[in-house]
Each structure stands twice: as structure tokens, then as C-alpha cells.
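J.: Below is a structure I'd like to ask you about.
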Amino acid sequence: MKRNFLREWQRFKGRCIYSSAGLILAWREEHSFRFWAYMNIISVSLSLYLPIPIVFRGLIICLGILVLAAECFNTAIERLVNHVSPGPHPLAKAAKDAGSAGVALTAIATGIAWVFALIFLFSDK
269 MKRNFLREWQ RFKGRCIYSS AGLILAWREE HSFRFWAYMN IISVSLSLYL
319 PIPIVFRGLI ICLGILVLAA ECFNTAIERL VNHVSPGPHP LAKAAKDAGS
369 AGVALTAIAT GIAWVFALIF LFSDK
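Sequential numbering of the sequence shown, starting at 269, is according to this note's numbering.
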């Protein structure tokens, strides 16, 4: 049992190292990732400042994290496509466009959550 735990702990540490390397790469090399990170700082700050229910806060924070995750996926897709197909190709464009659409849809979902939170905040209840 202890042996299993130690092995799994080592694997967990490795996953954390790989994940942090991906986040560092996204932060250093992707303008869009930094943009969404700054938007998340503003969004989380506002959600904590405004008197909205905790459910809206949680939803807004989780959706903001999903936007960053989508941006990481999009970065991975773009890098892989650029590696496999350095020149223009319709399938390469389609893959990059689909990744970008994923980011846009998660950002729209976050915006919709904000709309509902603000409607709740300013409604007569």
C-alpha cells in the first residue's frame, strides 16, 4: 500500500511539473492566454466585490478557468498543426479555426453567466 502511494505521489508530482510547464509556456508565448488571464483577474475581482450569490461567483470563476483551459487546448492545436503542416492547408486552417471557436464559445458562456448575475443583482428580487 505504501509503495503504491509513493509511486502515485511521484506520478502526481510529474503531472504537476508538466502542467506548470504548459502554463508557463502559454503565459510567455501566447498573447491571447495573457489577455484572458487578465480578463479573469478583473472578472473574479468583480464577482467577489459585487453582492451576487455564491452560485454565480462559482460559475463565473469556473467558466473563466475553462476559457484559460480552452486557450491552452487551442495553443496545443496550433503548435501541432504548425509542426505537421508548416504551409497553408485547408485542413490546417479548419483545425485552427475550430480551436479558436472553442475559446470563443467558452468566453461567450462566461459572458452569459455575467449577464444572468447582473440581471439578478439589479432585479427587484
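Cβ atoms here follow ideal geometry from the backbone N, Cα and C, with glycine treated the same way.
Predicted, not measured: the structure shown is a model, and the values here were computed from it.
Looking at the secondary structure, which residues open and close the alpha helix (DSSP H) in which G290 lies?
T.: K270 to E297
J.: Over what stretch of residues does the alpha helix (DSSP H) that includes F376 continue unbroken?
T.: The question names Phe, but residue 376 is Ile in the sequence shown. Element bounds for I376: P358 to F390.
J.: Taking the alpha-carbon positions, what's the A337 to I310 distance?
T.: 17 Å
J.: Three or more C-beta pairs closer than 8 Å, one from the stretch 289–297 and one from the stretch 332–349: is that the case here?
T.: The stretch 289–297 is in contact with the stretch 332–349.
J.: I need the DSSP call for I320, collapsed to helix, strand or coil.
T.: coil
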